[in-house]
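Basically the working numbering = 1-based index in the sequence shown + 6.
Beta carbons: idealized from backbone N, C-alpha and C, even for Gly.
Quick caveat: nothing in here was measured; it's all calculated off a predicted structure.
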Amino acid sequence: MLVLPAIDLLDNEAVRLLQGDYSKKTVYSSEPEKMIQVFEEQGATLIHIVDLNAAKTGKSENEKAIRKIKANCSVELELGGGIRSLENMKFYDGLGVSRFILGTVAVEDPSVVELGLKTYGPNRIVIGVDAKDGLVRTKGWETNSGIKYTDFLKKMYVMGIRHVIFTDISKDGMMAGPNTAVYLELLSQFPDLQLVASGGVSSIDDLVNLYEVSQGKLFGAITGKAIYEGKLDLKESIRILSKKRNEN
């Protein structure tokens, strides 16, 4: 199980929003590339990036930051937020992004998912499922699709999707621990899904619990705020999970 440090970009700065509210942001750095360098030094191999400008408007304002990040690190980058066309994927591919996270467009226009799979293959296309009260949210969490996340995932799975990031919005940024039950539910329904947990991961104990409860079947877990606020030691968490993998 990988630990994926998260960086949310807004106007080329690294920020965090409280439960997706753009009016409640905390700026952590005006030089996100330096944060990525630290993550790499601490052992991260895959960084999770969200383009918050594009998530809301469909247009990226963070090309400068992404270029700087890629120029200053050798780890793989996955990026989501506002990727709603093959052209968007090609744009980020040109910036050196390894994995494209499709959220809103997967709900509204699944043909774009098919195009992505055909062009880049199943290991580079990731579906981002953001859910609250059992229903999928879109457009930066601001729109309720009315679709049950289980129904949506079945459709994506049949299409050939195998990489999924599932975010429980009610847990995100609240530092109260992840929703382990939902990940067990999804892993039981889709045994070969490469599932990443997101939302509420706020300590090494949370990571260890996710690993043990899922019997190591989770692909990874995303954490951001806990790292920034010194409540989760990234280097130590990677070391502990690596040790657990070796024990098994």
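Exercise. Thinking C-alpha only, which one of 47, 132, 228, 191 is nearest residue 206?
Worked result: Locating residue 206 in the sequence shown gives position 200, counting from the first residue. If we check each option's Cα against that of residue 206, 228 comes out closest.
Exercise. How should residue 187 be labelled, buried or exposed, when 16 other C-beta atoms within 10 angstroms of its C-beta is the threshold for buried?
Worked result: In the sequence shown, counting from the first residue as 1, residue 187 sits at position 181. By the 10 Å Cβ count, residue 187 comes out exposed.
For this session: Please classify residue 257: does DSSP put it in a helix, a strand, or coil?
Result: Outside the shown range of the chain, which is 7 to 254, sits residue 257, and nothing can be said about it.
For this session: Write down the C-beta distance between residue 122 and residue 106 rounded to the nearest angstrom, noting that I regard them as a contact closer than 8 Å.
Result: As a first step, residue 122 is located in the sequence shown; it is residue number 116 there, counting from the start. As a first step, residue 106 is located in the sequence shown; it is residue number 100 there, counting from the start. Yes, they are in contact, since the Cβ atoms of residue 122 and residue 106 sit about 6 Å apart, within 8 Å.
For this session: Quick one: measure Cβ to Cβ for residue 141 and residue 133, integer angstroms, because I've assumed they're closer than 8 Å.
Result: As a position in the sequence shown, residue 141 is number 135, starting the count at 1. As a position in the sequence shown, residue 133 is number 127, starting the count at 1. Their Cβ separation, rounded to whole angstroms, is 16 Å, which puts residue 141 and residue 133 out of contact at 8 Å.
For this session: Mark residue 197 as exposed unless 16 or more other C-beta atoms lie within 10 angstroms of its C-beta, in which case mark it buried.
Result: Position 191 of the sequence shown, counting from 1, holds the residue named residue 197. Label assigned to residue 197: exposed.
Exercise. Hey, how far is the Cα of residue 147 from the Cα of residue 91?
Worked result: Position 141 of the sequence shown, counted from the start, is the residue given in the question as residue 147. Position 85 of the sequence shown, counted from the start, is the residue given in the question as residue 91. Near 19 Å, if we compare the C-alpha coordinates of residue 91 and residue 147.
For this session: Under the assumption that residue 12 contacts residue 230 (Cβ atoms under 8 Å), give the Cβ distance between them as a whole number of angstroms.
Result: Residue 12 sits at position 6 when you count from the first residue of the sequence shown. Residue 230 sits at position 224 when you count from the first residue of the sequence shown. At roughly 4 Å, the Cβ-Cβ gap stays under 8 Å, so residue 12 and residue 230 are in contact.
Exercise. Applying the criterion that 16 or more other CB atoms from any shown protein chain within 10 Å of the CB defines a buried residue, is residue 103 buried or exposed?
Worked result: Position 97 of the sequence shown, counting from 1, holds the residue named residue 103. Residue 103 is buried by the Cβ-count criterion.
For this session: Apply the 10 Å Cβ neighbour rule to residue 145 and answer buried if 16 or more other Cβ atoms are within range, or exposed otherwise.
Result: Taking the first residue of the sequence shown as 1, we reach residue 145 at position 139. Residue 145 comes out buried.
Exercise. Looking at the structure shown, is residue 185 part of a helix, part of a strand, or coil, going by DSSP?
Worked result: For this step, residue 185 is matched to residue 179 along the sequence shown. In this structure, residue 185 counts as coil in the three-state DSSP scheme.
Exercise. Can you tell which of 246, 250, 234 has the C-alpha that lies nearest to the C-alpha of residue 33?
Worked result: Locating residue 33 in the sequence shown gives position 27, where the first residue counts as 1. Looking at the Cα atoms, 234 is the closest of the given residues.
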